[in-house]
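Working notes, beginning with the structure itself.
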Amino acid sequence: MYDVIVIGAGQAGLSMGYNLKQKNVSFLILDKGAEVGESWKNRYDSLTLFTPRSYSSLPGLPLKGEQEHYPTKNEISDYLSLYATTFELPIQLNTCIEKVVKTDEHFTLFTSKGEYQSKNVIVATGPFQDPNIPKFSERLSDKVFQLHSSDYKNPRQLLKGTTLVVGGGNSGAQIAVELSKEREVYLSIGHKLKFIPQDIGNKSVFWYFDKLGVLRANVKSKIGRIIKNRPDPIFGYELKVQLKKERVLLKPRVLSADKNTVTFADGSNVEVDNVIWSTGFKSDYQCINIPSIFNEKGFPIHDRGITSVNGLYFLGLPWQYRRGSALLQGVGTDAKYLTEYLFKK
Numbered sequence: 642m643y644d645v646i647v648i649g650a651g652q653a654g655l656s657m658g659y660n661l662k663q664k665n666v667s668f669l670i671l672d673k674g675a676e677v678g679e680s681w682k683n684r685y686d687s688l689t690l691f692t693p694r695s696y697s698s699l700p701g702l703p704l705k706g707e708q709e710h711y712p713t714k715n716e717i718s719d720y721l722s723l724y725a726t727t728f729e730l731p732i733q734l735n736t737c738i739e740k741v742v743k744t745d746e747h748f749t750l751f752t753s754k755g756e757y758q759s760k761n762v763i764v765a766t767g768p769f770q771d772p773n774i775p776k777f778s779e780r781l782s783d784k785v786f787q788l789h790s791s792d793y794k795n796p797r798q799l800l801k802g803t804t805l806v807v808g809g810g811n812s813g814a815q816i817a818v819e820l821s822k823e824r825e826v827y828l829s830i831g832h833k834l835k836f837i838p839q840d841i842g843n844k845s846v847f848w849y850f851d852k853l854g855v856l857r858a859n860v861k862s863k864i865g866r867i868i869k870n871r872p873d874p875i876f877g878y879e880l881k882v883q884l885k886k887e888r889v890l891l892k893p894r895v896l897s898a899d900k901n902t903v904t905f906a907d908g909s910n911v912e913v914d915n916v917i918w919s920t921g922f923k924s925d926y927q928c929i930n931i932p933s934i935f936n937e938k939g940f941p942i943h944d945r946g947i948t949s950v951n952g953l954y955f956l957g958l959p960w961q962y963r964r965g966s967a968l969l970q971g972v973g974t975d976a977k978y979l980t981e982y983l984f985k986k
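Residues 642 to 986 (this note's numbering) are what the sequence shown spells out, left to right.
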């Protein structure tokens, strides 16, 4: 019987492990991956974070390198692996969670490697689980190459010809810019784009966000409510430049698709050879056999990660409490809060 089992060995699970280690309690971190940092390593080749190294560290171990420069995805993958080793965190890999059941006294976790019991469970798998691809994508011809941005690696995967990137986040923007160097690219976005510089003077924009309290703005504050209800801005001006050069052509929201033609909200249409769906993810908590803690969209109902079920917690959710909760630098604060709550009970 463990005091705590943490599901997920990503940035949230590792931060929780670091804090639990300070309490000298029995805990285990379970992860379905083959290695720590695997999810970062598997992302697209050119991925660079929009937060500088100074805002990309977990508690207790600064990310090495020029602090105002931006780390690559491989740096973060290696850093997470180093983090787990440095603090000797008890991690069991290649372990899929099949079902989590609550009894009167504890939780039982049924996994691909047997059963485990724990007094507390921290679900630290984050929000990025199942790719969210519109149903009408199935109407596109088999001759159109489609993939979700989570499966995109580099331009060599794609067919020659016109490419449509659907989705207005920073990943979609980076991918569209990369592809525009060699091919005709359309970018479909359902809202007005807002660009923010990555640097002002010799400081990252996140330094200014930090000083102005933006990263600490919580979900209940006025500024927090305003920011949360707005689409994320695009960090940097690379996409803006490519739009001005018409190397990337902007389109409104996709309405439908048929064979090799995609139709947009303004009535226009484009014939495509490739579509990259940078349309986010859906939550998947089916293994947690406690339906009362989820809303109608399947998202956890919680207060700072604490659910109505005694002993069950979530970590690594966007806006778990603050704007910075989804960032590498911010998840440690939420992990510390949950740890203190756990052992203050």
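Every residue gets a Cβ at the ideal spot worked out from N, C-alpha and C, and that includes glycine. Every value quoted in this text rests on a predicted model; they were computed, and no experiment measured them.
Which listed residue (the options) has its alpha carbon closest to that of residue i
i    : options                   : result
E937 : G808, Y926 and T766       : Y926
V846 : Y878, I867 and R866       : Y878
Y793 : P874, V895, R894 and D686 : D686
Y720 : E709, Q652, I841 and V826 : Q652
F935 : L953, T920 and E887       : L953
I867 : N665, D975, W960 and G808 : W960
V806 : F728, S919, F751 and G965 : S919
Terminal residues of the alpha helix (DSSP H) in which residue i lies
i    : result
V972 : L969 to L983
T766 : Neither: T766 is in no alpha helix (DSSP H) and is coded neither H nor E.
K682 : E679 to K682
T726 : K714 to T727
Per-residue burial, residue i [other beta carbons within 10 Å of its own, 16 or more giving buried]
i    : result
A898 : buried
Q758 : exposed
G939 : exposed
P872 : exposed
N665 : exposed
Rounded straight-line distance, which links the Cα of residue j to that of residue i
i    : j    : result
H747 : L799 : 49 Å
G854 : G908 : 42 Å
I917 : L828 : 10 Å
T713 : F876 : 15 Å
L979 : I830 : 37 Å
N951 : G755 : 24 Å
Q815 : V647 : 32 Å
A675 : S790 : 21 Å
G809 : V741 : 35 Å
N811 : F836 : 10 Å
L669 : D771 : 25 Å
K801 : A817 : 15 Å
Boundaries of the beta strand (DSSP E) in which residue i is found, first to last residue
i    : result
N915 : N915 to W918
N910 : N910 to E912
K743 : I738 to K743
K892 : V889 to K892
Y827 : V826 to S829
Paired residues, beta bridge with residue i - DSSP
i    : result
D944 : I947
G755 : T752
S845 : D840
P772 : F922
Y696 : In the DSSP output, where bridge partners are listed per residue, Y696 has none listed.
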